[in-house]
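**Student:** Structure incoming, see below.
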Amino acid sequence: MGKYDHLKILKRIKARSNQVCYNCSKEIYTGENYYQEHIEDKFLHSLHAKKYCSSCYEKYGDMLLSFKEKTSNKYRSLEEFDNEKRKIQLSLKL
(Lines of atoms letter the chains of each structure in order from A and count residues from 1; the text may use other names and numbers.)
(Lines give C-alpha, C1' and ligand atoms only; values in the text may rest on other atoms or scores of the structure.)
Protein backbone atom coordinates (compact mmCIF):
# COMPACT_ATOMS: atom_id res chain seq x y z
CA MET A 1 0.00 0.00 0.00
CA GLY A 2 1.38 3.37 -1.00
CA LYS A 3 1.58 6.53 1.01
CA TYR A 4 -1.35 8.23 -0.78
CA ASP A 5 -3.56 5.23 -1.58
CA HIS A 6 -6.28 6.35 0.82
CA LEU A 7 -6.52 9.71 -1.01
CA LYS A 8 -7.07 8.26 -4.50
CA ILE A 9 -10.33 8.73 -6.36
CA LEU A 10 -11.41 7.82 -9.88
CA LYS A 11 -12.03 10.82 -12.11
CA ARG A 12 -13.99 10.60 -15.39
CA ILE A 13 -12.03 11.95 -18.34
CA LYS A 14 -12.74 12.21 -22.07
CA ALA A 15 -9.87 10.67 -24.05
CA ARG A 16 -7.91 13.09 -26.22
CA SER A 17 -5.76 10.27 -27.55
CA ASN A 18 -5.98 6.49 -27.57
CA GLN A 19 -5.43 4.87 -24.16
CA VAL A 20 -5.35 1.31 -22.84
CA CYS A 21 -7.35 0.07 -19.85
CA TYR A 22 -5.03 -1.03 -17.04
CA ASN A 23 -7.51 -3.67 -15.89
CA CYS A 24 -8.63 -5.49 -19.06
CA SER A 25 -6.20 -4.09 -21.69
CA LYS A 26 -9.13 -2.90 -23.84
CA GLU A 27 -8.30 0.04 -26.09
CA ILE A 28 -9.97 3.34 -25.19
CA TYR A 29 -10.46 5.43 -28.31
CA THR A 30 -10.33 9.20 -28.72
CA GLY A 31 -13.57 10.80 -27.56
CA GLU A 32 -14.61 7.96 -25.25
CA ASN A 33 -14.90 8.45 -21.50
CA TYR A 34 -12.54 6.59 -19.18
CA TYR A 35 -11.65 6.75 -15.49
CA GLN A 36 -8.23 7.68 -14.16
CA GLU A 37 -6.78 7.58 -10.66
CA HIS A 38 -6.50 11.08 -9.26
CA ILE A 39 -4.88 12.66 -6.22
CA GLU A 40 -5.33 16.42 -5.96
CA ASP A 41 -2.05 18.38 -5.91
CA LYS A 42 0.15 15.37 -6.70
CA PHE A 43 1.68 16.06 -10.11
CA LEU A 44 4.09 13.11 -10.21
CA HIS A 45 1.31 10.67 -9.50
CA SER A 46 -0.53 11.85 -12.61
CA LEU A 47 2.38 10.60 -14.73
CA HIS A 48 1.81 7.04 -13.48
CA ALA A 49 -1.95 7.08 -12.86
CA LYS A 50 -3.83 3.97 -13.95
CA LYS A 51 -6.56 4.34 -16.55
CA TYR A 52 -9.71 2.19 -16.64
CA CYS A 53 -12.35 1.82 -19.37
CA SER A 54 -15.97 2.65 -18.60
CA SER A 55 -17.04 -1.02 -18.71
CA CYS A 56 -14.53 -1.94 -15.97
CA TYR A 57 -15.70 1.03 -13.92
CA GLU A 58 -19.35 -0.02 -14.32
CA LYS A 59 -18.48 -3.56 -13.27
CA TYR A 60 -16.13 -2.86 -10.34
CA GLY A 61 -16.61 0.82 -9.44
CA ASP A 62 -14.29 2.21 -6.78
CA MET A 63 -13.06 -1.30 -6.00
CA LEU A 64 -10.60 -0.78 -8.87
CA LEU A 65 -8.56 1.37 -6.50
CA SER A 66 -8.02 -1.56 -4.14
CA PHE A 67 -6.85 -4.04 -6.81
CA LYS A 68 -3.12 -4.56 -6.59
CA GLU A 69 -2.67 -6.50 -9.82
CA LYS A 70 -4.04 -6.50 -13.32
CA THR A 71 -6.90 -8.88 -13.93
CA SER A 72 -5.53 -10.34 -17.14
CA ASN A 73 -5.02 -14.12 -17.20
CA LYS A 74 -1.35 -13.95 -16.29
CA TYR A 75 -2.11 -12.28 -12.94
CA ARG A 76 -5.53 -12.97 -11.39
CA SER A 77 -8.73 -14.13 -12.97
CA LEU A 78 -11.86 -12.00 -13.15
CA GLU A 79 -13.72 -14.69 -11.21
CA GLU A 80 -11.57 -13.93 -8.15
CA PHE A 81 -12.54 -10.26 -8.35
CA ASP A 82 -16.21 -11.13 -8.87
CA ASN A 83 -16.10 -13.35 -5.77
CA GLU A 84 -14.38 -10.59 -3.80
CA LYS A 85 -17.01 -8.10 -4.95
CA ARG A 86 -19.85 -10.43 -3.89
CA LYS A 87 -18.29 -10.90 -0.43
CA ILE A 88 -18.04 -7.15 0.08
CA GLN A 89 -21.62 -6.58 -1.09
CA LEU A 90 -22.88 -9.30 1.27
CA SER A 91 -20.97 -7.83 4.21
CA LEU A 92 -22.48 -4.40 3.48
CA LYS A 93 -26.00 -5.86 3.50
CA LEU A 94 -25.49 -7.30 6.99
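Residues in the sequence shown are numbered consecutively from 521, following my numbering.
A virtual CB, placed ideally from N, CA and C, is assigned to each residue, including glycine.
The structure presented is a predicted model; accordingly, all values stated were derived computationally and were not measured.
May I have the straight-line CA-CA distance separating Tyr-549 from Cys-576, to the nearest angstrom?
**Tutor:** 15 Å
**Student:** Quick check on the DSSP output: the alpha helix (DSSP H) that includes Cys-576 runs from which residue to which?
**Tutor:** 574–580
**Student:** On a Cα-Cα basis, can you pick out the residue from His-568, Gln-556, Glu-560, Asn-538 that is closest to Gly-581?
**Tutor:** Residue nearest to Gly-581 within the set His-568, Gln-556, Glu-560, Asn-538 is Gln-556 (criterion: CA-CA distance).
**Student:** Across which residues does DSSP place Lys-534 in a beta bridge pair?
**Tutor:** Asn-553
**Student:** What did DSSP end up calling Glu-560 once you bin it into helix, strand or coil?
**Tutor:** DSSP places Glu-560 in coil when its eight states are reduced to three.
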